[in-house]
DNA sequence: GTACTATATGGAGTTGGCTCCAAGTCAAGT
DNA sequence: ACTTGACTTGGAGCCAACTCCATATAGTAC
């Protein structure tokens, strides 16, 4: 699979993909004789991992650290577990903050729907809503 | 309430608070004769709004746009509703991506717990887990 | 009033994560 | 073989959101 295919598959640019490889967020990708990247299934699953975690806000640095530990072999199971656990904890916090913001927005939106309807904006909670 | 109190209350720096005011993510805060910021309840709720939305990843620019519309008065109910709805939609996507990443991490963590226990890392789903 | 700490301002600097560019190489079509 | 378009590299540039700094003024304790 070429870099272009991978880009399309994951909705990211070739530059981003090369950048991830450069900083180690994915392991080195195999090349053709000509030096062109060829993504196999394993490479793809690394890309998927990186893209998924990045979308959730995990830093490129943390992802790269995981890859580094992975490449060091079986001695690093615990270190990897620690790393993943810490990141998981962060995402838990992030999830709580996101939920809070969603609630805030939903509340405001409900008030503005009413305001658009009635011409008056109120922040009072009313009965029967 | 002084800027320091507000910082402590929300866990952000004074610089950030001044920055939010400068770019309009919160309305101008009242000052003492000497020019020192004095946050009243209304100012506090604007700060809370900004902090909550920022933590969820809403851009400073979007928050400032909301404040701008707010200051324009009742003519902008619909514009504000549109803005909030769009941001709400973004947060919905973000929530889905975050949840996906959490699931990924939880799965990996479960595998690594087993690996630390047994010395062998496997990615096979097993019966009875 | 003096000393000391907090705050104000404008503007420069930093960081993370891309994003773009130049110059060159590779691959596919004709 | 030649053209055209995709891919390569190293490195520069960009943007959002802070973060830091220098200098000056305000408030507080004694």
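Residue numbers (our numbering), protein chains in the order written: chain A, 1 to 129; chain B, 1001 to 1129.
Backbone N, C-alpha and C define an ideal beta-carbon position, used for all residues, glycine too.
Just so you know, these numbers come straight off a predicted model, no measurement behind them.
Please identify the residue among the options whose C-alpha is closest to the C-alpha of residue i.
| i | options | result |
| --- | --- | --- |
| residue 7 of chain A | A/72, A/110, A/104 and A/50 | A/50 |
| residue 59 of chain A | A/116, A/114 and A/91 | A/91 |
| residue 39 of chain A | A/3, A/110 and A/48 | A/3 |
| residue 118 of chain A | B/1084, B/1089 and B/1077 | B/1077 |
| residue 1010 of chain B | B/1082, B/1088 and B/1055 | B/1055 |
| residue 121 of chain A | B/1012, B/1081 and B/1057 | B/1081 |
| residue 1062 of chain B | B/1014, B/1075, B/1125 and B/1086 | B/1086 |
| residue 1041 of chain B | B/1071, B/1005, B/1065 and B/1115 | B/1005 |
| residue 1073 of chain B | A/101, A/74, A/102 and A/115 | A/115 |
| residue 1031 of chain B | B/1100, B/1012, B/1001 and B/1101 | B/1001 |
| residue 1093 of chain B | A/19, A/57, A/13 and A/125 | A/57 |
Output needed for residue i: all residues of its chain with C-beta closer than 7 Å, excluding positions within five of it in sequence on either side, in chain order.
| i | result |
| --- | --- |
| residue 1067 of chain B | 1024, 1025, 1026 and 1027 |
| residue 1021 of chain B | 1028 and 1029 |
| residue 100 of chain A | none |
| residue 130 of chain A | Nothing can be reported for residue 130 of chain A, as the shown portion of chain A is limited to 1 through 129. |
Which residues does DSSP pair with residue i in a beta bridge?
| i | result |
| --- | --- |
| residue 1037 of chain B | B/1031 |
Compute the distance between the beta-carbons of residue i and residue j, then report whether it is under 8 Å.
| i | j | result |
| --- | --- | --- |
| residue 98 of chain A | residue 1053 of chain B | no |
| residue 37 of chain A | residue 1105 of chain B | no |
| residue 1044 of chain B | residue 108 of chain A | no |
| residue 1047 of chain B | residue 1017 of chain B | yes |
| residue 1111 of chain B | residue 1123 of chain B | yes |
Identify, in the order they occur along the chain, each residue of the same chain with its Cβ nearer than 6 Å to the Cβ of residue i, setting aside the five sequence neighbours on each side.
| i | result |
| --- | --- |
| residue 1079 of chain B | 1069 |
| residue 34 of chain A | none |
So, for residue i: in the same chain, excluding its five sequence neighbours on each side, which residues have a beta-carbon less than 8 Å away from its beta-carbon?
| i | result |
| --- | --- |
| residue 13 of chain A | 7 |
*In chain order, which continuous runs of the alpha helix (DSSP H) of length 4 or greater are located wholly inside the stretch 31-105 of chain A?*
41-55 and 60-72
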